[in-house]
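S.K.: I am attaching a structure below and will ask some questions about it afterwards.
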Amino acid sequence: MTDREILPALVKPTHYTLAIYDLDFSAFTYKGSVKIDVDVVSSSPISEIQLNVREVEVQEAVLEYELTKTTSDLPLSISTDTKAEIVTLTPKEPVPGEATKASITLTFSGILNNNMAGFYRSKYSDSDGKEAYMYSTQFEATDARRAFPCFDEPALKATFDFSITIPEDWTALSNMPEVSSKTPEDGKKAGLAGTKLKTVTFATTPIMSTYLLAWACGDFEYVEAFTDKLYDGKKIPVRVYTTTGLVKQGEFALENARKIVDYFSEIFEIDYVLPKVDLLAVHEFSHGAMENWGLITYRTTALLFDPETSDAKYKNRVAYVVAHELAHQWFGNLVTMEWWSELWLNEGFATWVGWLAMDHLYPDWDVFGVFVSESLQGALGLDSLRQSHPIEVPVKSALDIDQIFDAISYLKGASSIRMISSHLGVETFLKGVSSYLKAHAYGNATTKDLWDAVGEVSGIDVNEIMNDWIRKIGFPVVTVNESDTGISLRQDRFLASGDVTDEENETQWWIPLGIFTDSTTAGALSGVSSFSNRQTILTGLGPNDFYKLNRNQTGVYRVNYTPERLAKLGQATDKLSVTDKVGLVADASALALAGLGSTAGILGLISGLKGETSYIVWSEVASRLGTLRSAWFEQPESIQNGLKAFTRDLVSPTAKKLGWKFSDDEDYLTVQLRALVISVAGNCGDTEIIAEAKAQFAKYAAGDKTAIHPNLRRAVFSIVLSQEDLSDEEAKSIFNTILGEILNPSSVDGKEIALSAIGRTKKPVLIERALSMLLSGEVAVQDLHTLANSLAANGKARWELWKYTKAHWESIYKLMSGNMVILERYVRVSINVFSSTEAVTDIEGFFADKDTHGYDRAVGQGLDIVKSYAAWVQRDGNEVEKWLADHSY
């Protein structure tokens, strides 16, 4: 196919026998051999065979094929195209077209890299504080080729036999259970001279894609539990593995995982198919986790949780990420997308069903309220940019794939599934999913296959109504106009820049209306559920009726009400659900940014929420006001201070009411609310909260690590370090204490929390010190975006971060481009915080002569955001200043 760079369809792999050995833990190299059984697809003579390789050197290659009951061995010449990531194997004479089966045997050598891709090393401090390494794989999307020669495409599925030779006292893991552990064959060694070795062999995998193969080895221990449900008469063992000393922190994830395996087996009506589930904490990890079949790997903060020392916020993260990755064991692993353009089939579904599992396990967490505030708004935020992309996006090369692991594939994909499942009914939708999984088990499928299955169960043409949502860029804003004759609705594409052109506004989406009214008007609207035209009229409603569109924010669109209707809804928040209130604030804020609504209007709407008690609503309010303050960071101090005073006036009463003390019987959302409002109030200048934060931090710095509650470390660190009236010595002392938590963390989440705070200092010399950490090696590459984000969030440091990035670009690129996910993330957080045309010109000028392949979306989307912010500030600056003055701020 010309739309994608794929291997020639001459042979198709059916089985790999892969051995890894001669691991050298000083030079960080290894050797391996692989025998690949293939079906010969071509009926014409084959003069060459191509496989994928990257950073792997093939030393020998032999082709064996059968023809008329005779076997022929052909040595193969080897030619590698490094840029194309292809090795071409050429026999001295073509393979006859009559051959139907063959095998390719290759010996090769590879690198145990530190780029968090392929077969790589992770550095950590062991229980004695000494430097140590563990070794694991990360193959999605196209990095199996970085570990061994293979046909590295999702549709080229095969079974795998795997073995690895390691030190005798280590543990080896792979997708399947271990079947033997023996003294290695002569000539195969591992590690250091004199080390006793073993070769561990694993059972044959099911048929699967190369990106799902996985293995790991190191000094591991585990905690184990079993499913409640029987599978083939047995309970399945579920284990969480960590390096020695951390395993107790895996118990929360373990308890979730064993229940979720049973839950998904039930709702998908297909039993989990492997004989075990292993979850492994990896010390250096570019993503959150990876769904390798039977051996799921995780960043430590996405798997480990200590009830004594961890911030409770990480409970939500661990529970969700565990559920998301387990969903992939069915949706992605058992049935795999046919090509990377349909990545959303994996990620969008796993995101939605991951939240569904959390809702099942923790009904009191209101997880779909959190989903609307975080996931839906994240999707709409990215998709409101010109440089967004459709959910199903053409993918040509390997470098293009990593860039679509973003909020569109994950969050807009999940939001679209939530929309259609809410419309059809979740049970009906899941029956369609079950039908889809059964029909395509162990194979590959497309978006159309999923919609066909759901449509067959529901009796609705789902392909027809969802096609534009999946294949077209953007989403609509529904504009409401009221008159005595009824309510008219019009849909147009929404752009954050507010300047959509006719060419950009051609799509007319199917929009589920989700009208919420009171009992007096509900009957008149019983037949009105959606519209697909440019405009429609709701004749059953009038200006005096109470109503809200998109109830519980299940639709992927924004609503632009008249100012009068918005004011009425703001006065009727007691009638609205948490998700409705979140949607009201989010929509009004986004419309103000785009110039389709009023920034003064959103400030007025938010001011009416002073008595709100929901963490989820407060979280949305804090986020929107934070965006406003950030965009106004170069405006006169009187306006910046006015926005801080308004925010402080809004949240401080709730912060004082909740206080600093946590009780054992508090619900999860109250715990989160306390941490949020203390952080916001303190960072906006509440003197009482600042004084308490300083007092607690002083005790913490003196050695009492219990002085700050784990749930408040993030808030306290940020509050105390960001004070502008600190002496140089005070600021330096605070900075060094937080730096100590980065270099020697006291909890599994300690480093992340400290990194998110350390860039908040206002002292130029300490901003310079924080910047130096980007290249000093003090911060692991996986965490550099957290440090950059901390600096970028600081109005006094963001320009300094950008200047540093430009001045040290070659070093930054060299450090991060070994894994483009890391570089793309760094670029994104460094540039999307500005709000001036000068910044646009500067950023465009810097990247004009750079090869941005692999992170070009981050640059384009960042510029879109900066342009929108610049227009917003220029357009509404006087309006915001007047509103603040009129309200005595």
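Using this note's numbering, the first residue of the sequence shown is number 2, and each one after it goes up by one.
Think of the CB as a built atom: it goes at the ideal place given N, C-alpha and C, for glycine as much as any other residue.
Only a predicted model underlies this, so the values are computations on that prediction, with no experimental measurement involved.
(1) Could you check if E465 is buried or exposed, using at least 16 other CB atoms within 10 Å of its CB as the buried criterion?
(2) Which residue marks the beginning of the alpha helix (DSSP H) containing A159, and which one marks its end?
(3) Count the other C-beta atoms from every protein chain shown that fall within 10 angstroms of the C-beta of V860, then say buried if there are 16 or more, exposed otherwise.
(4) For D40, is the classification buried or exposed, using 16 other Cβ atoms within 10 angstroms of its Cβ as the cut-off for buried?
(5) Which residues in the same chain have their Cβ closer than 6 Å to the Cβ of Y1, if we skip the five residues on either side of it in sequence?
(6) Classify K84 as helix, strand or coil using the three-state DSSP reduction.
(7) For S126, does the three-state DSSP call read helix, strand or coil?
(8) Which class does F203 belong to by DSSP, given the choice of helix, strand or coil?
(9) Ignore the nearest five residues each way along the sequence and tell me which others in S459's own chain have a CB closer than 7 Å to its CB.
(10) Who pairs with E222 in a beta bridge, going by DSSP?
(11) Please check the pair L722 and A771, which I expect to be a contact at CB under 8 Å, by giving their CB distance rounded to whole angstroms.
(12) Looking at D272 and the ligand ZN, is the gap between the Cβ and the nearest heavy atom below 6 Å?
(13) Do G119 and S45 have their C-beta atoms closer together than 7 Å?
(14) For T89, which of helix, strand or coil comes out of DSSP?
(15) Note down, in chain order, each residue of its chain lying with its Cβ closer than 7 Å to the Cβ of L677, except the 5 sequence neighbours on either side.
(16) Just to confirm, is the Cβ distance from R552 to G515 under 7 Å?
(17) Compare the beta carbon distance of V368 and F476 with 7 Å and say whether it is the shorter of the two.
(18) With W294 and M209 assumed to form a contact (beta carbons below 8 Å), what rounded beta-carbon distance in angstroms separates them?
(19) With 16 other CB atoms within 10 Å as the buried threshold, where does N334 fall?
(20) Count the other CB atoms, across all protein chains shown, that sit within 10 Å of the CB of W810; report buried if there are 16 or more and exposed otherwise.
(21) State the Cα-Cα distance for the pair H361 and D887, rounded to the nearest angstrom.
(22) Should I37 and Y17 be called a contact, given that it needs their Cβ atoms to be closer than 7 Å?
(23) Within the chosen definition, does the stretch 320-331 reach the stretch 280-297 through at least 3 CB pairs nearer than 8 Å?
(24) Whether or not the stretch 126-138 and the stretch 242-253 are in contact is what I'm after, with contact meaning three or more pairs of Cβ atoms, one per stretch, closer than 8 Å; do they touch?
(25) At the level of alpha carbons, what is the spacing between G103 and T91?
(26) Let's see if you can read the secondary structure: which residues bound the alpha helix (DSSP H) around Q673?
(27) Could you round the C-beta distance between K611 and P544 to whole angstroms and report it? I think they count as a contact, below 8 Å.
(28) CA-CA distance, K700 and G627?
(29) Check for me: the beta strand (DSSP E) holding G444 runs from which residue to which?
(30) Drop a sphere of 10 angstroms on the beta-carbon of L744, count the other beta-carbons inside from all chains shown, and report buried for 16 or more, exposed for fewer.
(31) Rounding to the nearest angstrom, what Cα-Cα distance links S527 and N712 in this structure?
(32) Using a threshold of 7 Å, state whether the C-beta atoms of S137 and A217 are closer than that.
(33) Locate the alpha helix (DSSP H) running through F430, then write down its first and last residues.
(34) Buried or exposed: where does N833 fall if 16 or more other Cβ atoms within 10 Å of its Cβ makes it buried?
(35) For L412, which of helix, strand or coil comes out of DSSP?
(36) In terms of residues, what are the limits of the alpha helix (DSSP H) holding N257?
M.R.: With the structure as the only source:
(1) exposed
(2) It is not in any alpha helix (DSSP H) - A159 carries neither H nor E in the DSSP assignment.
(3) buried
(4) Taking all protein chains in view, the Cβ of D40 is surrounded by fewer than 16 other Cβ atoms within 10 Å, so the residue is classified as exposed.
(5) Because residue 1 is not part of the residues shown, which for the chain are 2 to 890, the question remains open.
(6) Per DSSP, reduced to three states, the secondary structure at K84 is coil, with no helix or strand assignment.
(7) strand
(8) Of the three classes helix, strand and coil, the one that applies to F203 here is strand, per DSSP.
(9) L425, T429 and G433
(10) T243
(11) L722 to A771, Cβ: 10 Å. No contact.
(12) What this structure holds is no ligand at all, so the ligand ZN is not there to describe.
(13) Between G119 and S45, the CB-CB gap reaches or exceeds 7 Å.
(14) strand
(15) Y616, W619, S620 and A623
(16) yes
(17) no
(18) Taking 8 Å as the upper bound for CB-CB distance, W294 and M209 are in contact here, some 6 Å apart.
(19) buried
(20) exposed
(21) 47 Å
(22) yes
(23) Between the stretch 320-331 and the stretch 280-297, the count of C-beta pairs closer than 8 Å reaches three or more; the two stretches touch.
(24) Yes, they touch.
(25) Per the sequence shown, residue 103 should be read as Ala rather than Gly. Their backbone Cα atoms lie some 14 Å apart in a straight line.
(26) Y669 to N684
(27) Contact doesn't hold; Cβ gap of about 27 Å is too wide.
(28) 30 Å
(29) G444 to A446
(30) exposed
(31) In this predicted model, S527 has a pLDDT of only 47, less than 50, meaning its place in the structure is not dependable enough to derive any value.
(32) yes
(33) V427 to H441
(34) buried
(35) helix
(36) E252 to I268
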